[in-house]
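Number of protein chains: 2
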Amino acid sequence: MKTCRPFTGAVDRLTAAGLRPTRQRLGLARLLFEGGNRHITAEQLHREATDGGVKVSLATVYNTLNQFTEVGLLREVAMAAGRAYFDTNTSAHYHLFNEDTGELFDVPGDSVVLSVLPEMPENTVIGNIDVVFHIRNK
Amino acid sequence: MKTCRPFTGAVDRLTAAGLRPTRQRLGLARLLFEGGNRHITAEQLHREATDGGVKVSLATVYNTLNQFTEVGLLREVAMAAGRAYFDTNTSAHYHLFNEDTGELFDVPGDSVVLSVLPEMPENTVIGNIDVVFHIRNK
DNA sequence: GTGATTGCAAATCTTTTGCACTAAA
DNA sequence: TTTAGTGCAAAAGATTTGCAATCAC
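Line order of the protein sequences matches chains A and B. Counting from 5, one number per residue, gives the positions in the first sequence under this note's numbering. Counting from 5, one number per residue, gives the positions in the second sequence under this note's numbering.
Quick look at the structure:
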């Protein structure tokens, strides 16, 4: 039987987050976090998993993406209604969305400066700030 | 027979946009634009219409919201995946989204300043810039 | 063992579409 | 009239859920 050796730290990463390192979660974590920052939908990740020999159901992919997001391993990005994108880059950064092609690019956090922030309503704390530059082809 | 008198300019507004001022479109336009800026989903607007005596099907509400957005009468705001919000305020401004309550607030355009914009890919033009401050209750 | 996790299928929810009917120009 | 617009019901997606089977501890 072939053992799928996860990238270093996958098990720790999951257990630290309070999630059991199951075969499915490890396989998905490997796909998500091994190759640098990426944006992905549940459907895309499910296909990658299937193609890569990680047997997992689409429902579990959805559940896993939501769990990873809850514990801060992923960040959900709202681009257009009707489809959720998950971003493996949880640090401060922004997005460039090409409406013609559907492509989603990262914009480094330091290439955008927000000054003069608005006042927040009372008894609320600011979570993250989404900045999306919607672009189209000329 | 009672005539539903639309707010001043509704007919002009639609015809100027190349849309026939039908009973349904006038009724929806009145609900959308008469009471200042607002954020609304198709479902909410449909309920308001029905409650307010404007007979219109949900499918037509969807179609109308999309048409209004295409001609610039509305702006679509991506908040959370799975549901489209339409904003009657099409001028430069940003949003505050309370993730606990689902409330969506406007932030005046001049209370946020974006400096140091990123470079855009070649042969693209920037459409609009969405800035969403995600907040939660303390 | 025992409780967490998974898979599957069904259910839900939002949005779009096809087509016959109706209304605006 | 003639063409655009509407309603309905069905279709299409995306995502969630119920529950029995399975797995991690």
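Note that CB positions come from ideal geometry on N, CA and C, so glycine has one too.
CB contact below 9 Å: residue i versus chain A
i: Y66(B); result: no
i: R27(B); result: no
i: S61(B); result: no
i: H138(B); result: yes
i: V58(B); result: no
i: V111(B); result: yes
i: N127(B); result: yes
i: L118(B); result: yes
i: L121(B); result: yes
i: A82(B); result: yes
i: A85(B); result: yes
Reduced DSSP category for residue i - H, G, I as helix; E, B as strand; rest coil
i: E80(A); result: strand
Residues bridged to residue i (per DSSP)
i: Y98(A); result: V111(A)
i: Y89(A); result: V81(A)
i: V117(A); result: S119(B)
The alpha helix (DSSP H) enclosing residue i, as first and last residue numbers
i: R140(B); result: Premise fails: R140(B) lies in the beta strand (DSSP E), T128 to N141, not in any alpha helix (DSSP H).
i: G31(B); result: R27 to F37
i: L49(A); result: A46 to D55
i: V65(B); result: L62 to E74
i: V58(A); result: That residue, V58(A), is in no alpha helix (DSSP H); it is neither H nor E in DSSP.
i: D104(A); result: Where D104(A) is concerned, there is no enclosing alpha helix (DSSP H), given that its DSSP letter is neither H nor E.
i: A20(B); result: A14 to A20
Within-9 Å CB hit, residue i to chain B
i: D134(A); result: yes
i: H43(A); result: no
i: S95(A); result: no
i: E74(A); result: no
i: F37(A); result: no
i: G131(A); result: yes
i: A88(A); result: yes
i: L78(A); result: no
i: N70(A); result: no
i: E103(A); result: yes
i: L49(A); result: no
i: A14(A); result: no
i: L100(A); result: yes
i: A21(A); result: no
i: N141(A); result: yes
Distance cut-off 8 Å: residue i Cβ against heavy atoms of the ligand MN
i: T92(B); result: Annotation note on the ligand MN: not contained in the displayed structure, which lists no ligands.
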